[in-house]
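Q: Here full-length UniProt numbering is used: the first residue of the sequence shown is 1, the next is one more, and so on.
Glycine is no exception: its CB is placed at the ideal position from the N, C-alpha and C atoms.
Provided herewith is a single structure, encoded as structure tokens, for subsequent inquiry.
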Amino acid sequence: MIDKIFSFSELGFQETESSKYLSQILEKNGFQIEKGVAGIPTAWFAKWSNGKGPVIALGSDVDCIPKASQYPGVAYHKPMVDGAPGHGEGHNSGIPLNITAALAVKQLMEREDIKGTLVLWPGIAEELLGSKAWYTRDGLFDDIDVCIFTHVSSNLSVSWGQARGTGLISVEYTFDGEAAHSAGSPWRGRSALDAAELMNVGWNYKREHLHPLKRSHSIFTDAGDQPNVVPSKASIWYYFRDITYEGIIEMYNDANNIAKGAALMTDTAMTSKIVGAAWPRHFNKIIAEQMYENIQQIGLPQWSNEDQMLAKAVQKEVNSKKTDGLNTKLSPIGIPLKRPVSGGSDDIGDVSWKVPTVTLRYPSNIPGLQGHHWSNAIAMATPVAHKGATSGAKVEAMTILDLLLKPILVEQAWNYFNDVQSKEAKYKPMISADDKPPIYLNKDIMNQYREKLEQFYYDENKYDSYLEQLGISYPTLKKNN
Ligand SMILES: [Zn+2]
């Protein structure tokens, strides 16, 4: 499953092959599939019930990273398709982990007559923070008791309390001006691109006065067509991140003012739309502590010499400060930090404010890499990814059984959610009832590369592994060997 999803290499909202393949496995195993949930064509919720009992949801992401195409098991930059997307975040491994755990637990539930319901779901377009706030808004978690989320990492770990990193709002600002011949009659033009550039200048002045925990970044999504036409349309797209909801909304309001100012300066019109959202994450203490007991029982995988050789070579290749290969010691359970730490976001945050949630992190990747990069794809269709996800599946299966067999844990998890977590903040969605998921994103890029990627789709009926299909000797450490 991990190799198959790796080979599909699908960007957010375009996960058609991945979604079809994964949901079919569940369908064949007796799950009922609801497709196209929350208005997202590639989204689905799969449900199997063995009678009245705890309802446990298992989620993980499935989308990949632009321009991260990379041969697995090869310790230097070698794209499979130059410029194409690739699994440079490792999102190809989480749903396979969940399916492995769910099918094992399902067998036990049937054999031992254990009551309860399993719900599996994909985090669509996680890199765009594009689905989970919509799932939450549209009621998909209303009947869920507990959510276990899984995310690739380089250790087997879990945390509770406010997670490291931030929440965010993702906003695209569009300016509307007037076209003109850039040389013949520039005085008749009003440049939308000038407005977008001035907004960026304004925001970069603002940046000096932001608290260091806040982070923001942008790209131009429309910067005109050609120099001799005054751009009548231009768009700039921002992620605004902070560790609290209030801080995120403050940045959003400031950005709106700067956008209005840029429109005023250039005599253009401005509109904006929210294209993604993620609440800062808060994880459940009761479930995390139970899960950590299981983590200690399972421990880290036995890495082979080949696994370690690959990991060390990749760390060297990207000048990582970490040079000792794959982790061989479990990290302690994550507890609330005395001082919050800034960083990335995940829209599981929205789910974590709806039902008691934890994220199980499992060791399918190499530590010390920069993330969202071709190097993060290297391990993701090798024994490192397979062993890491299998360890994670064991921990997840054990934790599901704990929750099914000791319903008091579910009650205690809700007590923590209501009496401790909800004292800290009150969930207010960042998206309104009218905001639609931006399912058009990435369509053009996938259209450009899908045919080239199809030649590399993994054929599990012919080969035992993707490495075998690609003819890669594992590990390949040096060019031209
Ligand atoms: Zn991720």
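#1: Where are the alpha helix (DSSP H) runs, 4 residues long or more, that stay fully inside the region 315 to 378, in chain order?
#2: Can you tell which of Gly83, Ala259, Glu250, Asp254 has the C-alpha that lies nearest to the C-alpha of Ile236?
#3: Does any heavy atom of ligand 1 sit closer than 7 Å to the C-beta of Asp61?
#4: Around the C-beta of Glu10, are 16 or more other C-beta atoms found within 10 angstroms, so that it is buried, or is it exposed?
#5: In whole angstroms, give me the CA-to-CA distance for Lys462 and Met1.
#6: In terms of residues, what are the limits of the beta strand (DSSP E) holding Gln32?
#7: Can you tell me whether Val230 is helix, strand or coil according to DSSP?
#8: At the level of alpha carbons, what is the spacing between Ile378 and Pro367?
#9: If you reduce the DSSP assignment to three classes, tell me which class residue 500 lands in.
#10: Mind checking which residues open and close the beta strand (DSSP E) that includes His386?
#11: Can you look up Phe240 in the DSSP assignment and give me helix, strand or coil?
#12: Shorter than 7 Å, the distance from the beta carbon of Glu350 to the closest heavy atom of ligand 1, or not?
#13: Measure the Cβ-Cβ separation of Gly349 and Ala413 and say whether it is below 8 Å.
#14: Could you pull out every residue in the same chain whose Cβ sits closer than 8 Å to the Cβ of Gly247, ignoring the five residues on either side in sequence?
#15: With a threshold of 7 Å (Cβ to nearest heavy atom), would Asp347 be considered close to ligand 1?
#16: For Asp222, which residues does DSSP report across the bridge?
#17: If we require 3 or more residues per run, which beta strand (DSSP E) segments fall completely within the region 151 to 194?
#18: To the nearest angstrom, how far is it from the Cα of Ala23 to the Cα of Glu17?
#19: Tell me the DSSP secondary structure of Ser18 in three-state form.
#20: Taking one C-beta from the region 145 to 164 and one from the region 294 to 310 each time, how about it: are there three or more such pairs within less than 8 Å?
#21: Could you work out which residue in Lys316, Lys285, Met309 is closest to Leu421 when comparing CA atoms only?
#22: Among the candidates His282, Glu317, Leu337, whose CA atom is the shortest distance from the CA of Ala75?
#23: Could you give the DSSP three-state label for Leu409: helix, strand or coil?
#24: Closer than 7 Å: is that where the CB of His91 sits relative to any heavy atom of ligand 1?
#25: Looking at the unbroken beta strand (DSSP E) that takes in Ser272, where does it start and where does it end?
#26: So the beta strand (DSSP E) Ser49 belongs to, where does it begin and stop?
#27: Please report how far the alpha carbon of Leu198 lies from the alpha carbon of Ser191, in whole angstroms.
A: So, from the data block:
#1: 348 to 352
#2: Ala259
#3: yes
#4: buried
#5: 14 Å
#6: 32 to 35
#7: coil
#8: 12 Å
#9: No statement about residue 500 is possible, as the shown extent of the chain runs from 1 to 481 and does not include it.
#10: Counting along the chain, His386 falls outside any beta strand (DSSP E), though it belongs to the alpha helix (DSSP H) covering 383 to 405.
#11: strand
#12: Inspection of the sequence shows that residue 350 is occupied by Asp rather than by Glu. No, since every heavy atom of ligand 1 falls outside the 7 Å radius drawn around the Cβ of Asp350.
#13: no
#14: His211, Leu213, Lys214
#15: no
#16: Ser235
#17: 167 to 176
#18: The question names Ala, but residue 23 in the sequence shown is Ser. Rounded to whole angstroms, Ser23 to Glu17 spans 10 Å at the Cα level.
#19: helix
#20: yes
#21: Note that residue 421 is Gln in the sequence shown, not Leu. Closest by alpha carbon: Lys285.
#22: Glu317
#23: helix
#24: yes
#25: 269 to 278
#26: 44 to 49
#27: 11 Å
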